[in-house]
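Residue numbers (my numbering): 507 to 823. Cβ atoms here follow ideal geometry from the backbone N, Cα and C, with glycine treated the same way. One structure below.
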């Protein structure tokens with residue numbers, strides 16, 4: 507009885523192709539398993555970002571290395587001959603994947619230079635700007651940010667490298683501008699006193715700092731840009747972060763003010779603004795500073811009329 511032999515279609519037997527498929531699935535599983543085990547070992551001993559990148563490199567190394575070895579020994583895959591046979595098609599593929607290659611290289615640069623890290627609060631400029639967001643994940647091609655509204659923003663790594671990135675977590679604090687409008691007849695001096703007092707009374711607005719955080723705030727003056735901000739002060743300290751109230755504009759019957767305050771709890775920015783405005787509005791209402799009043803003073807001059815209107819009035823009389 508003659509033994510049956512698998513007839514290869516492209517020079518490779520069906521058994522070899524089947525064995526390669528099983529090896530492919532197996533190395534994918536081994537790569538994921540190695541990732542989970544290494545993350546479990548490194549978490550708690552090194553930073554979250556270092557653990558993630560180390561485990562990811564091991565995962566891809568096992569997966570790609572195993573797949574290449576399987577293809578070479580089971581399918582007689584020759585990488586050199588394969589690359590040489592691509593010719594013009596290889597150039598087209600390389601050109602079309604240029605953006606992917608740029609993002610991969612940018613991912614490596616992010617790992618080395620660390621302009622952003624996991625759990626940091628940043629703003630990435632561009633069109634459109636990301637807004638204040640938290641870095642949730644950094645992969646080989648994409649950085650995932652989560653905004654204050656909970657939405658996820660998938661940003662190409664190349665944007666992190668080529669765009670302006672504002673990192674608030676490393677600065678340790680954030681300046682917030684709060685708009686406030688009062689009637690033009692209100693006592694502006696008293697309004698400013700109330701606005702400043704409400705800022706001083708809020709527990710999360712500087713310079714009101716808990717004793718445990720005071721040393722951390724003092725360390726901010728070692729940062730270069732904070733040092734430049736405080737260069738005009740004789741003794742740099744928490745006085746740099748005193749709340750300020752400025753008149754921004756006068757429109758119709760309203761005076762628009764801007765209250766500038768500094769905060770450290772960046773994720774609670776919107777809640778702090780809301781709590782502050784609730785306090786200010788309540789105090790302004792108590793002193794009746796939000797109600798429009800008639801202007802007290804010299805009466806406004808009458809609008810002059812043209813000579814023709816005067817003649818018409820005289821003729822009518």
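Sequence-distant partners of residue 536 (beyond 5 residues in either direction) whose C-beta falls short of 8 Å from its own C-beta, in its chain, are 568, 569, 572. For residue 662 against residue 609, the beta-carbon gap comes to about 5 Å, under 8 Å, which counts as contact. One alpha carbon belongs to residue 542, the other to residue 561, and they sit about 8 Å apart. Closest in C-alpha terms to residue 577, from the list 558, 546, 563, 527, comes 527. Note: residue 576 is not bridge-paired with any residue in the DSSP secondary-structure output. Scanning its chain for C-beta atoms nearer than 6 Å, with the 5 sequence neighbours on each side dropped, one finds no residue around residue 579.
DSSP places residue 770 in the coil class of the three-state scheme, outside both helix and strand. Here the segment 675-690 makes contact with the segment 747-767; the two share three or more CB pairs at distances below 8 Å. Going by beta carbons, residue 638 and residue 629 fall inside the 7 Å limit. Contact between residue 641 and residue 654 does not hold, since their C-beta atoms are separated by about 14 Å, which reaches or exceeds 8 Å. Beta-carbon to beta-carbon, residue 684 and residue 767 are separated by about 7 Å, close enough to satisfy the 8 Å threshold. For residue 564 against residue 548, the beta-carbon gap comes to about 10 Å, at or over 8 Å, which does not count as contact. For residue 643, DSSP records a beta bridge to 650. Its chain contains 642, 650, 651, 652 as the residues whose beta carbon lies nearer than 8 Å to that of residue 658, once the 5 sequence neighbours on both sides are disregarded; these appear in chain order.
Excluding its 5 nearest sequence neighbours in each direction, residue 783 has C-beta neighbours in its own chain below 8 Å: 684, 686, listed in chain order. With fewer than 16 other beta carbons inside 10 angstroms of its own, residue 582 counts as exposed.
In the three-state reduction of the DSSP assignment, residue 764 falls in the strand class, which pools E and B. Taking C-beta atoms under 8 Å as the contact rule, residue 772 and residue 627 qualify, at a distance of about 5 Å. In this structure, the beta-carbon distance from residue 747 to residue 702 does not fall below 7 Å. Sixteen is the threshold: when 16 or more other Cβ atoms of the shown chains lie within 10 Å of the Cβ of residue 795, as they do, the residue is buried.
Counting along the chain, the unbroken beta strand (DSSP E) around residue 681 starts and ends at 680-689. The beta carbon of residue 781 sits closer than 6 Å to no other beta carbon from its chain once the five residues preceding and following it are set aside.
The beta carbon of residue 700 sits closer than 7 Å to the beta carbons of 786, 789, 790 from its chain, once the five residues preceding and following it are set aside; these are given in chain order. Taking C-beta separations shorter than 8 Å and ignoring five residues to either side along the sequence, the partners of residue 704 in its chain run 782, 785, 786, 789, following chain order. If you look at residue 750, you'll find it in the beta strand (DSSP E) that goes 750-757. With 16 or more other Cβ atoms from the protein chains shown falling within 10 Å of its own Cβ, residue 612 counts as buried.
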